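Engineer: One structure is given below, represented as structure tokens, and several questions about it will come after.
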Amino acid sequence: MTVIARRTVPAIVLAGAMMMATTGCLAGENASAVSDADTAGAWSTDTLAVDYATYNPLSLVIRDQGLLEEALGEGVTVEWVQSAGSNKANEYLRSGSIDVGSTAGSAALLARANGSPIKVVDIYSQPEWSALVVPAGSDIASVSDLQGRSVAATPGTDPYFFLLQALETEGLTIADVQLQNLQHADGRAALDAGSVDAWAGLDPIMAAAESESGAELVYRNVDFNSYGFLNATEEFITEHPDVLQVVVDAYEEARQWALENPDATAELLAEVAAIEPAVATTVILERSNLDVSGIPGDAQLAVLEKIGPVLVDSGAVQGGQAAIDEALASLVDDSFARAATASP
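Under mature numbering (1 follows the signal peptide of the UniProt record, and there is no 0), the letters of the sequence shown match residues -27 to -1, 1 to 317, in that order.
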């Protein structure tokens, strides 16, 4: 395990004792009960299930440093569940396997539009984590060359939505390629084995493919990458705002630490993702903007408004554009991030 010096976490430590101030306006009718419980030294739940993912560096910092366990103490058991992709995080949230999970913004929008009761409570990064990848020496030189070719992607994730948007730039749709539904790591393996012609990649696996296999990024577009969203179920938001505030506070603390310690953050990513340190450094320094406000709002919704019609045209949204519009109007809960960033 990487040994990383911990910083003092005043916002987190105060969260339980001062929840009347930080969550009274969040819990609605539950505010009084939650505040009374906190005053008595107890939390509103004795368990917290939260995900960690290699595409979410801040989750790795929080887990490695034990920030949640330290803040919540023995009163709350923290369960860490690894998410292999946004689709898996959304599955876990929908099934109740986790209370808080990290996805791409596009995946959160799709889940909400299709009825999953989640809201984004924090932004963990503004990444360029998706691109279209081909093996070394490929005859594919542009998006138009993908027509009729086999492409690996993970539906329900940002790389898949990246693929949809990229195809649209050339007047193509997903029906114009032979989609191979593979989880991210399996997509990279299929590309290496020559089983597919291209792959809608995700970092850090994508950066490893470049370094280790000579794979090439045939199409990049940072505007087609949505932000990293930290999501919680509506039930957890309503019933356990005190514990959720601790999670969001931890994210803000981890962000500041990661910005001050990029090399150590890359070292941690390399360890968890089992990739070379140089590859992890590329991901952290060149493709992960962690210096972004954690408060979700207009900037993220503007990106999702562009992605929405692409999702509708692909047939991925059961209720069409009306469901997208409703999801956009109800997806964001910025109160926890605002409280976290306002903490001294």
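A virtual CB, placed ideally from N, CA and C, is assigned to each residue, including glycine.
Here the structure is a predicted model, which is why all the values come from computation and not from measurement.
(1) Check Q120 in the structure and name its three-state DSSP category.
(2) Specify, as a first and last residue, the run of the beta strand (DSSP E) that S75 falls within.
(3) Run the CB neighbour count on T142, radius 10 Å, all protein chains shown included, and call it buried at 16 or more, exposed below.
(4) Quick one: grab the DSSP three-state call for residue 350.
(5) DSSP state of Q99, grouped into three classes?
(6) Check the DSSP bridge columns for Y192 and list the partner residues they point to.
(7) Closest to V290 by C-alpha separation, out of G46, A80, L33 and P250, would be which residue?
(8) Can you tell which of D196, R85, S75 and T314 has the C-alpha that lies nearest to the C-alpha of G292?
(9) Is DSSP giving E52 helix, strand or coil here?
(10) Quick check on DSSP: helix, strand or coil for N234?
(11) Determine the contact status of G160 and A126, defining contact as a CB-CB distance below 8 Å.
(12) How big is the Cα-Cα spacing for L137 and G288?
(13) Based on DSSP bridge pairs, tell me the residues matched to F202.
(14) Of the residues E259, Y200, D307 and Q229, which one's Cα is nearest the Cα of E278?
(15) Rounded to the nearest angstrom, what separates N234 and Q294 at their Cα positions?
(16) Quick one: measure Cβ to Cβ for S89 and S75, integer angstroms, because I've assumed they're closer than 8 Å.
(17) In three-state terms, what does DSSP make of S89?
(18) Might you give, ordered along the chain, the residues of its own chain that have their beta carbon closer than 7 Å to the beta carbon of I71, omitting 5 neighbours on each side?
(19) A315: which of E226, L140 and V169 sits nearest, CA to CA?
Structural biologist: The answer reads as follows:
(1) Walking along the sequence shown from the start, residue 120 turns up at place 147. It is coil, neither helix nor strand.
(2) As a first step, residue 75 is located in the sequence shown; it is residue number 102 there, counting from the start. Here the beta strand (DSSP E) through S75 covers V73 to A77.
(3) One-based indexing of the sequence shown puts residue 142 at position 169. By the neighbour-count rule (16 or more Cβ atoms within 10 Å), T142 is not buried but exposed.
(4) An answer regarding residue 350 cannot be provided, because it is not within the stretch -27 to 317 covered by the chain.
(5) Position 126 of the sequence shown holds residue 99. Three-state DSSP puts Q99 in a strand.
(6) For this step, residue 192 is matched to residue 219 along the sequence shown. The partner list for Y192 (beta bridge, DSSP) reads L105.
(7) Taking the first residue of the sequence shown as 1, we reach residue 290 at position 317. Among G46, A80, L33 and P250, the Cα nearest to that of V290 is on A80.
(8) Locating residue 292 in the sequence shown gives position 319, counting from the first residue. Nearest neighbour of G292 by Cα position, chosen from D196, R85, S75 and T314, turns out to be R85.
(9) The residue labelled residue 52 in the question sits at position 79 within the sequence shown. It is a strand residue.
(10) Counting from one through the sequence shown, the residue named residue 234 turns up at place 261. For N234, the secondary structure class from DSSP, reduced to helix, strand or coil, is coil.
(11) By one-based count along the sequence shown, residue 160 stands at place 187. By one-based count along the sequence shown, residue 126 stands at place 153. The Cβ atoms of G160 and A126 lie closer than 8 Å to each other.
(12) Looking up residue 137 in the sequence shown gives position 164. Looking up residue 288 in the sequence shown gives position 315. Their backbone Cα atoms lie some 11 Å apart in a straight line.
(13) Your numbering for residue 202 matches position 229 in the sequence shown. Answer is T76 and I96.
(14) Locating residue 278 in the sequence shown gives position 305, where the first residue counts as 1. Closest by alpha carbon: Y200.
(15) Within the sequence shown, the letter at position 261 stands for residue 234. Within the sequence shown, the letter at position 321 stands for residue 294. Cα-Cα distance, rounded: 42 Å.
(16) Translated into the one-based positions of the sequence shown, residue 89 becomes position 116. Translated into the one-based positions of the sequence shown, residue 75 becomes position 102. Actually they do not touch by this definition, with Cβ atoms about 15 Å apart.
(17) Along the sequence shown, read from residue 1 onward, the residue named residue 89 stands at position 116. Collapsing the DSSP output to three states places S89 in coil.
(18) By one-based count along the sequence shown, residue 71 stands at place 98. Only A22, V23, D24, V54 and Y65 meet the Cβ criterion.
(19) Here residue 315 corresponds to residue number 342 of the sequence shown, with the count starting at 1. Per the Cα distances, E226.
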